[in-house]
Amino acid sequence: MTTALFECRNLTKFFPIKSLFRETGRVHAVEDVSFTIPEGGTVGLVGESGCGKTTLARTILLLIEPTSGQILFRGEDMVSRSKRELRRFRRETAIVFQDPYSSLDPRMLIADVVGEPLVIHKVAFGEDRDDVVLSLLKRVGLEADHLYRYPHEFSGGQRQRLAIARALAGDPKFILLDEATSALDVSVQAKILNMLNGLKADLGLTYMFISHDLSVVRHLSDHIGVMYLGRMVEYGTRDQVFDTPTHPYTRGLLAAAPSLDPDDRDRPREVVLQGEVPSAVEPPSGCRFHPRCPVCKAQCDRERPELVDIGDGHLVACFPE
Amino acid sequence: MRIPGAALFSSRYRLLQKRLHPITKEWGLTFYVLRHSKLAVIGGFIALAFIIIALFGSLFAPYDPISANIQDRFQPPSASHPLGTDTMGRDVMSRMLAGAQHSIKAGLIVLAIAVPLGVLLGGIAGLFGGWVDEVIMRITDMFLAFPSLVLAMAFSAALGPSLFNAMIALSIVWWPMYARLVRGQALAVRETSYVEAARSRGASNFHIMFKHILPNCLSPILVTLTLDMGWVITAAASLSFLGFGAQPPIPEWGRMVSDGRIYMLRAWWMSVFPGLGIMFVVLGFNLLGDGIRDSLDPKLRRLTEVTWKREKTSSSSTD
Amino acid sequence: MEAREDLLVVDRLKTQFFTYGGLVEALDEVSFEIKKGEIFGLVGESGCGKSVTATSILRLVAKPGKIISGRVLLDGQDLLEKNDHEMNSIRGSRIAMIFQDPTSSLNPVFRIGRQVGEPYVYHQHRGKRQALMDATRILAKTGFPDADEKARNYPHELSGGLRQRAMIAMALTCEPELLIADEPTTNLDVTIGRQILDLVKDLQREFGASVLWITHDMAVVAQMCDRVGVMYAGSIVEKTDVRTLFRNAKHPYTVRLLRAIPSAAKSAETLEEIPGSVPQLIHPPSGCRFHPRCDSAMDVCSQVKPLEIEVEPGHVVACHLFRGKGKVT
């Protein structure tokens with residue numbers, strides 16, 4: 001049984017909406033989310049806009065302070081720790097963003113951009129640092145003469161490699177990939193995905209991959225969490241979620257994603273999700289999905305379903321038939 | 322050569338070269354764009370001419386700018402006095418040559434005080450946000466609301482009128498603009514992904530401020546500074562014109578305009594030439610400042626880079 | 641299948657951009673046909689020229705671009721020979737377009753009802769009140785809940801999905817013969833995007849319009865389109881019906897592109913990679929623009945641009961590998 005690198009318990013985050021210092025409403029970004037990330041695994045997080053996956057990602061890395069709940073990294077609660085105590089945590093975790101064009105400081109040379117974590121953690125300076133950066137660049141498939149150039153001289157795919165190289169500086173254990181390939185073309189994405197898989201195997205990394213693209217998530221992850229309006233509605237292994245999706249939202253999501261088989265268009269689709277995603281400020285009562293749910297029952301608008309293990313660690317938050 | 326440490330020195334030197342190369346390339350591109358803007362070149366020449374006059378003007382003045390020469394008073398522009406003489410018979414051109422240094426001194430001193438002060442306060446406000454931002458910004462607003470004129474008057478009343486006091490008064494009202502400028506940039510930079518990435522690896526506020534925010538502010542600061550040079554000079558001249566700045570016999574240009582005011586009908590050259598001088602200096606710095614702004618604009622640079630590279634390779638291939 | 645007439649024929653369309661940095665050869669003699677009542681997909685990665693094709697058809701190419709040569713025949717008439725006045729009466733009534741980002745395509749200071757009704761006023765000279773009523777009707781048709789109320793909303797008061805529906809409504813007001821859709825679902829959530837795909841399909845069937853669907857997403861193509869053209873670096877490299885494309889693609893680029901997509905069906909560990917990267921269109925590769933990245937490249941590929949060869953009925957490939965294996969179109 002592998003150890004859990006991250007364990008989140010009852011994580012909640014809401015953003016108050018203030019009007020003249022009084023709170024008039026709340027954005028319920030993340031509500032009572034619990035899950036674990038095993039060491040060496042890749043957890044994929046899927047959901048549509050407003051589901052809270054971006055907020056959850058930043059909360060796990062403590063870039064946003066959770067409203068309540070625990071975040072255990074290697075068994076220790078990281079919430080409400082001082083900056084100094086978090087130093088080790090910050091060195092062992094890293095993040096790669098979606099937009100390669102804004103994630104690198106345009107005024108800095110590549111050597112400085114990629115070497116920044118080394119400077120922050122006082123690992124290496126000057127020439128030594130440049131040597132380490134060189135080895136990182138080679139690892140992500142870039143050349144030595146790229147060291148002393150500016151980011152604007154590189155293409156989107158190359159910049160994403162640079163962002164990954166920067167994430168690898170300092171030998172982290174965990175990398176959060178926030179829609180890291182969503183802005184890339186298919187052919188470039190393939191290279192980056194292959195590279196990420198290779199790096200994970202070589203360096204023993206743990207990933208959390210956030211994406212709206214189900215096929216990419218499926219390719220990369222071994223565990224998948226499905227979020228809707230701030231709640232985790234389903235969680236399981238890749239095969240469990242994709243082969244036997246149980247929550248009505250998961251089934252709707254999978255059915256909505258267009259498949260690569262032209263013949264599928266003639267087959268009737270079992271679930272067609274209508275309506276829009278409601279606002280996170282005034283979410284529906286009870287089960288948040290109930291207004292759009294094709295199998296909504298009487299209790300669904302009154303009670304909130306908890307995540308229940310339906311077998312082999314496959315968790316679903318839905319009232320049984 | 323077997324000098325101990327030579328290997329280390331030469332490798333350090335090579336490293337420095339490699340790092341400097343892209344930076345010099347960037348500056349090269351800046352100058353290239355600048356060179357190709359006619360207006361910027363004109364502005365640059367005017368500004369340079371002004372600086373040279375300011376530095377060496379007194380040496381070239383053909384006549385003594387201070388001592389009187391009553392029999393030559395009110396001479397119109399002629400061969401011996403190209404810009405005429407004033408009410409005391411002093412050669413206007415010599416006075417202008419000698420007086421330029423005061424204007425430029427005013428500009429430099431005011432900016433030397435206002436810019437670091439404004440940048441520091443603006444940076445802190447933008448980086449920390451919250452109540453720090455509120456407090457600093459309200460103080461900035463207060464100073465922004467100060468009428469520089471009234472302040473200069475108050476200073477002269479209290480400490481006696483002089484160019485030095487006028488410069489202090491101007492510094493006090495000049496820094497808020499830089500504070501706002503840097504605060505705006507800091508707010509923008511703070512929200513970028515690269516700062517978020519740095520924070521996620523544990524970067525301190527100090528690191529963010531000096532490694533990310535300030536370098537990204539350099540361009541707008543440089544542009545504003547250049548444009549401001551002209552405006553500070555005008556402001557100092559205005560204060561001197563009103564009597565709160567330079568006192569006679571200092572040949573400060575604003576003062577000269579004021580002195581010649583009552584003689585406009587009789588000896589227009591006393592006010593007009595210093596006035597034109599001020600106008601050209603402001604124009605020069607404005608054009609130069611606009612040119613610098615364009616040369617630092619990323620889009621224009623990218624477009625011009627191609628022509629620049631092409632010119633470089635064609636010139637090197639003809640060698 | 642009954643032979644359908646061609647509604648739109650694009651014949652060797654060449655569009656170039658005269659930029660400060662050089663001449664961008666955006667479209668290099670692009671040719672394809674869209675039949676009446678069919679959904680034609682134009683698919684390719686970024687920079688391949690699909691959006692430029694759309695703007696060229698409507699003759700809305702942004703400066704410094706210019707259409708150099710070619711023909712665009714709408715029902716037999718060449719659009720490139722029409723004057724501004726004639727084109728204005730075609731845009732919005734015979735050919736309509738919907739865009740990727742509905743937020744920037746809708747005017748924020750006008751209410752939805754009025755904007756959607758604008759084509760009625762401009763092209764069909766209806767009165768404002770009548771136009772508003774008709775706009776409400778067509779909004780309801782595109783699935784707007786409470787169309788009467790919502791017509792009074794401003795764009796920013798609506799969600800992304802509703803804005804896209806509003807744009808579709810606006811495009812369909814004058815019952816166009818051709819609807820050009822430039823990546824309309826790319827910025828939308830999966831479930832909302834699916835609703836839009838279904839909507840367009842239903843409306844297309846009802847109105848009998850042809851659709852030029854531009855996208856980079858092969859899965860959307862698989863579910864939406866009848867026939868497909870694959871674009872690479874300004875040229876169409878393969879044209880066929882959708883099923884043939886996915887089962888029997890011939891062009892090396894298409895084949896490798898399909899294999900690079902992570903999909904549920906494959907359990908392969910590594911995705912197929914295409915070496916190199918998309919070329920600059922300022923100095924594009926000579927001959928076949930894909931040759932530097934193609935592992936089947938021959939000498940002739942770097943010298944001569946491949947002709948379009950019909951390798952089987954309805955399946956055209958632009959590749960030297962198939963020389964002599966079909967008739968040249």
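Residue numbers (the working numbering), protein chains in the order written: chain A, 1 to 321; chain B, 322 to 640; chain C, 641 to 969. Every residue gets a Cβ at the ideal spot worked out from N, C-alpha and C, and that includes glycine.
TODO: Could you name the residues of chain A that Arg-883/C contacts, counting a contact when the two beta carbons are closer than 9 Å?
DONE: Position 243 of the third sequence holds residue 883/C. What Arg-883/C touches in chain A: Pro-262 and Asp-263.
- [ ] Starting from Cys-8/A, trace the beta strand (DSSP E) both ways and give me its first and last residue.
- [x] On the first sequence, position 8 is the one that residue 8/A refers to. Looking at the DSSP string, the run of the beta strand (DSSP E) that includes Cys-8/A is 4-19.
Task: Under 7 Å (Cβ pairs) to chain A, residues found in the region 509-541 of chain B - done: Thr-513, Ser-514, Tyr-515, Glu-517, Ala-518, Ala-519, Arg-520, Ser-521, Arg-522, Gly-523, Ala-524, His-528, His-533, Pro-536 and Asn-537
Task: 7 Å CB neighbourhood of Tyr-228/A in its chain, flanking five on each side removed - done: The residue labelled residue 228/A in the question sits at position 228 within the first sequence. Contacts found: Gly-47, Cys-51, Tyr-249, Arg-288 and Phe-289.
Task: Sequence-distant residues of the same chain with beta carbon closer than 7 Å to Leu-184/A, five excluded per side - done: The count along the first sequence starts at 1 and reaches residue 184/A at position 184. Excluding positions up to five away in sequence, the list reads Gly-156, Gly-157, Gln-160 and Ile-192.
- [ ] Output yes or no for whether 9 Å exceeds the beta carbon distance between Ser-799/C and Val-186/A.
- [x] On the third sequence, residue 799/C is found 159 positions in, with the first residue counted as 1. On the first sequence, residue 186/A is found 186 positions in, with the first residue counted as 1. No, they are not a contact pair.
Open item on the list: Restricting to Cα atoms, I'd like to know which of Glu-952/C, Leu-921/C, Gly-833/C and Phe-962/C is closest to Met-938/C.
Closed with: Position 298 of the third sequence holds residue 938/C. The shortest Cα separation from Met-938/C among Glu-952/C, Leu-921/C, Gly-833/C and Phe-962/C belongs to Phe-962/C.
- [ ] Give the residues of chain C in contact with Val-627/B, contact being defined as C-beta atoms less than 8 Å apart.
- [x] Position 306 of the second sequence holds residue 627/B. Neighbours of Val-627/B on chain C, chain order: Tyr-660, Gly-661 and Gly-662.
Task: Selection of the region 861-893 of chain C by Cβ proximity to chain A, strictly under 7 Å - done: Within the region 861-893 of chain C, the residues whose Cβ lies closer than 7 Å to some Cβ of chain A are Ala-862, Gln-863, Val-882, Arg-883 and Phe-886, listed in chain order.
Task: Contact check, Met-232/A vs Phe-6/A, beta carbons under 9 Å - done: Here residue 232/A corresponds to residue number 232 of the first sequence, with the count starting at 1. Here residue 6/A corresponds to residue number 6 of the first sequence, with the count starting at 1. Their beta carbons are not under 9 Å apart, which means Met-232/A does not touch Phe-6/A by this criterion.
TODO: Find out if the Cβ-Cβ distance for the pair Asp-829/C, Gly-869/C is shorter than 9 Å.
DONE: Mapped onto the third sequence, residue 829/C falls at position 189. Mapped onto the third sequence, residue 869/C falls at position 229. The answer is no: Cβ separation not under 9 Å.
Open item on the list: For Glu-685/C, would you say it is in contact with chain A, using Cβ-to-Cβ distances shorter than 9 Å as the test?
Closed with: To locate residue 685/C, count along the third sequence from 1; it is residue 45. Taking Cβ atoms only, chain A reaches closer than 9 Å to Glu-685/C, which makes this a yes.
Open item on the list: Excluding the 5 residues flanking Ile-820/C on each side, which residues of the same chain have their C-beta closer than 6 Å to its C-beta?
Closed with: Here residue 820/C corresponds to residue number 180 of the third sequence, with the count starting at 1. Ala-694, Met-737 and Leu-852, listed in sequence order.
Task: Cβ separation of Met-591/B and Gly-365/B, assumed to be a contact under 8 Å, to the nearest whole Å - done: Within the second sequence, residue 591/B is the residue found at index 270, counting from 1. Within the second sequence, residue 365/B is the residue found at index 44, counting from 1. That pair is no contact at about 30 Å.
Open item on the list: Within 9 Å of any Cβ in chain C, is that where the Cβ of Phe-258/A sits?
Closed with: Working through the first sequence from its first residue, we reach residue 258/A at position 258. It should be noted that the sequence gives Pro, not Phe, for residue 258/A. Pro-258/A counts as touching chain C.
- [ ] Would you grab the beta carbon distance between Val-516/B and Gly-551/B for me? Rounded to a whole angstrom, and I think it's under 8 Å.
- [x] The residue given as residue 516/B occupies position 195 in the second sequence. The residue given as residue 551/B occupies position 230 in the second sequence. So it is not a contact: roughly 34 Å between Cβ atoms.
Open item on the list: Please report the distance separating the alpha-carbon of Ala-163/A from that of Val-96/A.
Closed with: Walking along the first sequence from the start, residue 163/A turns up at place 163. Walking along the first sequence from the start, residue 96/A turns up at place 96. If you take the alpha carbons of Ala-163/A and Val-96/A, they lie about 6 Å apart.
- [ ] Work out the CA separation of Leu-698/C and Met-463/B for me, nearest whole Å.
- [x] Here the question's residue 463/B lines up with position 142 in the second sequence. Here the question's residue 698/C lines up with position 58 in the third sequence. Their Cα atoms are separated by approximately 56 Å.
TODO: My understanding is that Arg-751/C touches Asn-723/C, with C-beta atoms under 8 Å, so please give their C-beta distance in whole angstroms.
DONE: The count along the third sequence starts at 1 and reaches residue 751/C at position 111. The count along the third sequence starts at 1 and reaches residue 723/C at position 83. Actually they are not in contact, since the Cβ atoms of Arg-751/C and Asn-723/C sit about 33 Å apart, beyond 8 Å.
TODO: With a 10 Å radius around its C-beta and 16 neighbouring C-beta atoms as the bar for buried, classify Arg-952/C as buried or exposed.
DONE: Translated into the one-based positions of the third sequence, residue 952/C becomes position 312. The amino acid at residue 952/C is misidentified as Arg; the sequence shows Glu. Glu-952/C should be labelled exposed.
Task: Proximity winner among Ile-493/B, Arg-504/B, Met-474/B and Phe-467/B, relative to Val-453/B (alpha-carbon distances) - done: For the purposes of this step, residue 453/B is identified with residue 132 of the second sequence, where counting begins at 1. Comparing Cα-Cα distances from Val-453/B to each of Ile-493/B, Arg-504/B, Met-474/B and Phe-467/B, the minimum goes to Arg-504/B.
TODO: Answer with buried or exposed for Gly-874/C, where buried requires no fewer than 16 other C-beta atoms within 10 angstroms of its C-beta.
DONE: What you label residue 874/C is simply residue 234 of the third sequence in a count that begins at 1. Burial state of Gly-874/C is buried, judged by a 10 Å Cβ sphere holding 16 or more other Cβ atoms.
TODO: Keeping to the same chain, check which residues put their C-beta closer than 8 Å to that of Ile-949/C; ignore five residues upstream and five downstream.
DONE: Along the third sequence, one-based indexing puts residue 949/C at 309. Contacts found: Val-956, Val-957, Ala-958, Cys-959, Phe-962, Arg-963, Lys-965, Gly-966, Lys-967, Val-968 and Thr-969.
Task: C-alpha distance - Ala-905/C paired with Ser-691/C, whole-angstrom precision - done: Here residue 905/C is taken as the residue at index 265 of the third sequence, counted from 1. Here residue 691/C is taken as the residue at index 51 of the third sequence, counted from 1. The predicted model places Ala-905/C with a pLDDT of 47, which falls under 50 and marks its position as unreliable; any figure quoted below should be read in that light. Counting only the Cα atoms, Ser-691/C lies some 30 Å from Ala-905/C.
Task: Complete alpha helix (DSSP H) runs within the region 525-605 of chain B (minimum length 4 residues, chain order) - done: 535-562 and 574-580
- [ ] Would you mind sorting Asn-526/B into buried or exposed? The rule is 16 or more other CB atoms within 10 Å of its CB.
- [x] Your numbering for residue 526/B matches position 205 in the second sequence. That one is exposed.
Open item on the list: Is there a Cβ of chain C sitting closer than 9 Å to that of Ala-190/A, yes or no?
Closed with: By one-based count along the first sequence, residue 190/A stands at place 190. Ala-190/A counts as touching chain C.
Open item on the list: Can you give me the C-alpha to C-alpha distance between Lys-13/A and Cys-296/A, rounded to a whole angstrom?
Closed with: Locating residue 13/A in the first sequence gives position 13, where the first residue counts as 1. Locating residue 296/A in the first sequence gives position 296, where the first residue counts as 1. Those two C-alpha atoms are separated by around 27 Å.
- [ ] For chain C, find out if any of its Cβ atoms is closer than 9 Å to the Cβ of Gln-98/A; answer yes or no.
- [x] For this step, residue 98/A is matched to residue 98 along the first sequence. With 9 Å as the cut-off, Gln-98/A does not count as an interface residue toward chain C.
- [ ] Return no unless some Cβ of chain C is closer than 9 Å to the Cβ of Cys-318/A.
- [x] By 1-based counting over the first sequence, the position of residue 318/A is 318. Cys-318/A does not count as touching chain C.
Open item on the list: Across the region 391-408 of chain B and the region 463-475 of chain B, are there enough close Cβ pairs to call them in contact, namely three or more that are closer than 8 Å?
Closed with: no
Open item on the list: List, in chain order, every chain A residue whose beta-carbon is nearer than 9 Å to that of Thr-826/C.
Closed with: Reading the third sequence from its first residue, position 186 is the one you call residue 826/C. Listed by position along chain A, the residues whose Cβ is nearer than 9 Å to that of Thr-826/C form an empty set, because the closest Cβ is around 10 Å away.
Open item on the list: Quick check on the DSSP output: the alpha helix (DSSP H) that includes Phe-381/B runs from which residue to which?
Closed with: Here the question's residue 381/B lines up with position 60 in the second sequence. Per DSSP, Phe-381/B belongs to the alpha helix (DSSP H) from 359-381.
Open item on the list: For Arg-149/A and Ser-103/A, I'd like the C-alpha separation in whole angstroms.
Closed with: Position 149 of the first sequence holds residue 149/A. Position 103 of the first sequence holds residue 103/A. Rounded to the nearest angstrom, the two C-alpha atoms are 16 Å apart.
Open item on the list: If I follow the unbroken alpha helix (DSSP H) through Val-494/B, where does it start and stop?
Closed with: Stepping through the second sequence from its first residue, residue 494/B is reached at position 173. It spans 484-511 - the alpha helix (DSSP H) in which Val-494/B sits, taken as one unbroken run.
Task: Residues of the region 798-813 of chain C whose Cβ lies closer than 9 Å to any Cβ of chain A, in chain order - done: Ser-799, Gly-800, Gly-801 and Leu-802
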